[in-house]
Amino acid sequence: MLSNVTFRIVQTLVIVLPLLSCVVCTSEDKVPAEKSHSPVLSFITSVWHSRLYLYSAGALFFGFWFSVKIALKKKSVASDTNSLANKTIKGSGCSDKENVVHVSGVKIFYGSQTGTAKGFAKELLDEVEASGLPCEVIDLKDYDPDDQLADEGTNRTVCVFFLATYTDGHPTENAEWFCKWLEEASTDFRYGKTYLKGLKYAVFGLGNSVYTGHYNTVGKNVDKWLWMLSASRIMTRGEGDCNVVKSKHGSIQADFRAWKVKFSTCLKKLLKGDKKTCGGNCKNGGSCKNKTKHDNGHEEEGEAVQSINTEEDIFETSSDEESDLQDERKSPVVDMEDLGNIMNRVKKAKSKDEEHMVNLPKLNGVKRAEEEERREMITPALRDALSKQGYKLIGSHSGVKLCRWTKSMLRGRGGCYKHTFYGIESHRCMETTPSLACANKCVFCWRHHTNPVGTEWRWKMDPAEKILNDSLEKHQNMIREFKGVPGVKPERYEEGLAVKHCALSLVGEPIMYPEINAFLRLLHSHRISSFLVTNAQFPQEIRTLVPVTQLYVSVDASTRDSLKKIDRPLFKDFWPRFLDCLKALGEKRQRTVYRLTLVKAWNVEEMLSYADLIAMGQPDFIEVKGVTYCGESTASSLTMANVPWHQEVVSFVQQLADMLPQYEIACEHEHSNCLLIAHSKFKIDGEWWTWIDYERFQELVQAYEDSGGTQGFSSLDYMAKTPGWALFGADEQGFDPSDTRFQRRNKTKNISGC
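Throughout the sequence shown, residue numbering follows this note's numbering, covering -18 to 735 in sequence.
Spelled out as C-alpha cells, the structure:
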C-alpha cells in the first residue's frame, strides 16, 4: 500500500512541476512591471523558486520506495525456496549433502629400498579397508604419472606417498622415474601451475637424521612439487626417523603410527565433508573466515552461502617450513620491510633448535648425552629383527652371537682363518660387540643394515661389567646347547665353555662405545684376548685406545670415490677421517692389521692406491679377503658376480705383495677365501712367526696396567711360530690337519663369521 501511494505522489510531482513552470513563465510575460498581488500566483511563484528542493524530496521518496520493494521481493523468493526445499527433504528422507561423494577411494604409493616403506603402505592399507573405503597399494615403478596422476583429482581419490630417502638424498630405485617426472612437471609451463588442482594427497617420508645434509629429502621434494602443481594436502607431511635419538616418538615405526592416527582423523573428516576448523591463527596473518561461529557450533547465516564449496577448507595450506612459499607464489619480490620479519623468524627457529641441543661431555673421546635424556639404541622393532637373525641382545646396545666357525671347531671340522693366521682356538672364541651402531652402511654388510647407524654416542649406556658378564653367560648358554649333539667332541665342548678369545667384530662399531677401554681391561683381567675391528672413521678414539691383542682397521677401498660407494659412510669428512685413522694405527706398538675386502668390479683394480695406504699406516699384517655374498638384499646391489674366486684373490695378493718391499705373503685360508700378507719383521731365519703367544700377551698387558702405562711392549714381544700347514703354498691350504674337513652338499653361502 505504502509503495503505491509513494509512487503516485512522485508521479504527480513529475507532472505538476513542469506545468507550474509553464504557468509562471506565461504570467511573467503578461503581468506589467508592477507586482501582481494574486495569492494563487504568489503561491505558484514560490513553488517554482523552490523547485530544487521538491526534486530532491521526490528523488528521496523514489529511492526509499525502490529499496523497500526489492527487499520485500527478495524475502518472498527466499520463503518460497525454503518451502520447496523442506518439501523435497520430507519427500526423499535425505539431504543433498549426504548424496555428495567427497572421497571415492585411497591409493597408497611407496618408494622403498629395504622394505620399510612398503610395510608401512600395507599397514595403512589394512587400516583404510577396515573403514570400508576402497584402497590400493601401488609400487611407484609400476605407475605412470603422466597418464594417470591428473585423473586422481577428478576421481576424488586420496593419494598417499611413502617415500624413503636413499644414498646421498636420492630416491629409491623404484621411485626414481616418478620423482624425476614430478620435478620436471612442476617447472614445465606446458603442464601449468594448476595441473594437479583437485588432487588430495598426503606424504610420509622415511629417512635418518644422522644424514644431516639430506634427511628426508625425497619426501620433502615430492611434497613441494605436488604443492607447486596446485595439489592439496590433507595434512602436514610426516617424517619417520631411523635415528632413535632424534626420532619424535622413539623409532621410525612409532613415528609412522603417530602419523597414521592423524591421517585416519583427516580421512574421516573428508568422508563426512566436514569443514576444517580454525583457531584464528592463520599462517598468512589474514582474517579467518571460520572465526565467527554460533555457540552451538553452526555457521552464521552470512557464511551459509559460502559453505557450498567446503572441501577446499579441509586441506592444510602448507607444511611448516613452506609457510612462506605461499607468499612467494603471490609475489616473487620480497619487500625490504618484510626482510626483518623473515630474519626474526629464522632466529627464533634457530633458538628453538639450540634449546633442544644437549651439551655433551667427553668420555674416552666420545660425546655423551645426559643419561636421563637418552633413548635406548635397540628399539622393539630392531630387537625383533636382530633376534630373528640369531643375536642374543644384551642391555640396550650390545649383542653376542655364536660364530659358525665356533660350531665347526666343536665338531672337529676346522677353524676360521684367525686360527690359521694367529693360532686362535675358534671353539673358545666369543663374537660380540658393545655397540650395535655403525658409522657406515657397507654394501656387503652381513646384517643387511638392520643395525642402527650414528656418528657419535647419543644413546643410553650400559656399564662395561654388565656387558661382559651377560655376554659370557649368553655365549656359554649357546655352547651348552651343543651338549650331546652328534659329532661334537666332548673335550672341545668343555674347552668351549671357558672363553679365551673375544672377537669384537660382530656388527657395528665397537670403538664408538664410550667405555671401550674399560671393557678391554675387563677382558684382559679375565685373561681373554681381544681382537678389535674398527671401520676407520674414529681417529681420536684409536689414539686413546688401550693396548689390544690385535687391532684391525677395515680398508674396504683405496680411493675416496670407491670408499663412498662401498662403505657409504655417514660422515661428510669421511675421507680425511679415514686417512687419519690409518696414521693413528701406525702410531700403535701392538699388533695392527689392515683388513681388505675385495669386491669384484668395484675395488680390485686399485692396486697402486692400496700400496700408498699401506705405506701410510705401516701395519704388521694385511688380510685380503674376497667379499662374502650375504644373499639378496634391497639395501645393496651386491650380487654373486661381485664375489671373486679364490684364485682371483691370490692373483691380486701376489701383485700387491710385489709392490710392497717390506711385505710378503705368509699364510692362506682357502676355505675363507682369505690370504695374509705379513711384514718381513715377523720372518725370522726364514720362518714365519705370525701366531700369538696369548699367555705372554696377558703378562705384558698386566705389567702395562700395573705400571700405569709406562711399561710398554710391542708386537714382537708376544709372537709365536706359525705351523707349516698354515703357510701359503702348503698342501693343506690353511686347513688344520688335526681336524677333518667337511664338504656340505648344495651348500649355501653363510652370512656369519668374524
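Cβ coordinates follow ideal geometry from the N, Cα and C atoms, glycine included.
Source: prediction; values computed, not measured.
Look at the stretch 181 to 233 and you find these whole runs of beta strand (DSSP E), each 3 residues long or longer: 181 to 188, 219 to 222. The three-state reading of DSSP puts cysteine 423 in coil, since its state is none of H, G, I, E or B. Taken atom to atom, the span from the alpha-carbon of isoleucine 51 to that of phenylalanine 45 is near 10 Å.
Between glycine 380 and lysine 447, the C-beta gap is not smaller than 8 Å, which leaves the two residues out of contact. For lysine 662, there is no enclosing beta strand (DSSP E), as DSSP gives it neither H nor E.
Going by beta carbons, leucine 210 and tyrosine 172 fall inside the 8 Å limit. The three-state secondary structure of histidine 30, taken from DSSP, is helix. Excluding the 5 residues flanking it on each side, arginine 572 has same chain C-beta neighbours closer than 6 Å at Gln531, Asp601, Ser696, in chain order. Beyond the five residues adjoining it in sequence on each side, cysteine 397 comes within less than 6 Å, by CB distance, of Trp386, Ser407 in the same chain, given in chain order. Annotation for valine 466: no beta strand (DSSP E) segment contains it, and DSSP assigns it neither H nor E. Rounded to whole angstroms, leucine 503 and aspartate 125 show a C-alpha spacing of 60 Å. Three or more beta-carbon pairs separated by less than 8 Å link the stretch 187 to 199 to the stretch 211 to 227, which places the two stretches in contact.
Counting of Cβ neighbours within 10 angstroms places histidine 30 among the exposed residues, the total staying below 16. The secondary-structure analysis by DSSP pairs tyrosine 533 across a beta bridge with Val514, Val574.
Below 8 Å, enough C-beta pairs join the stretch 562 to 580 and the stretch 512 to 526 to call them touching: three or more.
Around serine 539, the same chain offers Glu587, Ser590, Tyr591, Leu594 as residues with beta carbons nearer than 6 Å, after the five sequence neighbours per side are excluded.
Selection Trp440, Thr703, Pro415, Tyr372 evaluated against methionine 358 yields Trp440 as nearest (Cα-Cα).
In the displayed model, leucine 22 falls within a helix according to three-state DSSP.
The beta-carbon separation of alanine 659 and tryptophan 669, rounded to 7 Å, stays under the 8 Å limit for a contact.
Note: lysine 382 is bridge-paired with Glu412 in the DSSP secondary-structure output.
Taking a cut-off of 8 Å on C-beta distances, the stretch 647 to 661 touches the stretch 701 to 718, as three or more cross pairs fall below it.
Comparing alpha-carbon positions, the option among Thr193, Pro467, Pro557 lying closest to valine 434 turns out to be Thr193. For aspartate 169, there is no enclosing alpha helix (DSSP H), as DSSP gives it neither H nor E.
Taking one beta carbon from each stretch, the stretch 405 to 419 and the stretch 452 to 470 have 3 or more pairs nearer than 8 Å; the two touch.
Residue range 644 to 650 is occupied by the beta strand (DSSP E) that includes cysteine 648.
Under the DSSP definition of a beta bridge, alanine 707 lacks any partner.
Under the three-state reduction of DSSP output, phenylalanine 723 falls in the coil class, being neither helix nor strand. By the C-beta density criterion, aspartate 443 is buried, having at least 16 other C-beta atoms within 10 angstroms.
Restricted to the stretch 94 to 143, the beta strand (DSSP E) segments that are unbroken, complete and at least 3 residues in length are 116 to 120, listed in chain order. Around the beta-carbon of serine 506, fewer than 16 other beta-carbon atoms lie within 10 Å, marking it exposed.
Annotation: cysteine 419 to glycine 200 spans about 25 Å, alpha carbon to alpha carbon. The alpha carbon of histidine 230 has as its nearest neighbour, out of Pro550, Arg355, Val527, Lys481, the alpha carbon of Arg355. The C-alpha of alanine 98 lies about 17 Å from the C-alpha of asparagine 202. According to DSSP, residue pairing for glutamate 668 in a beta bridge involves Ile665. Exclusion of the five residues before and after valine 574 leaves Gln531, Leu532, Tyr533, Val534, Pro600, Asp601, Phe602, Ile603, Glu604 as the residues of its chain whose Cβ lies within less than 8 Å of its Cβ.
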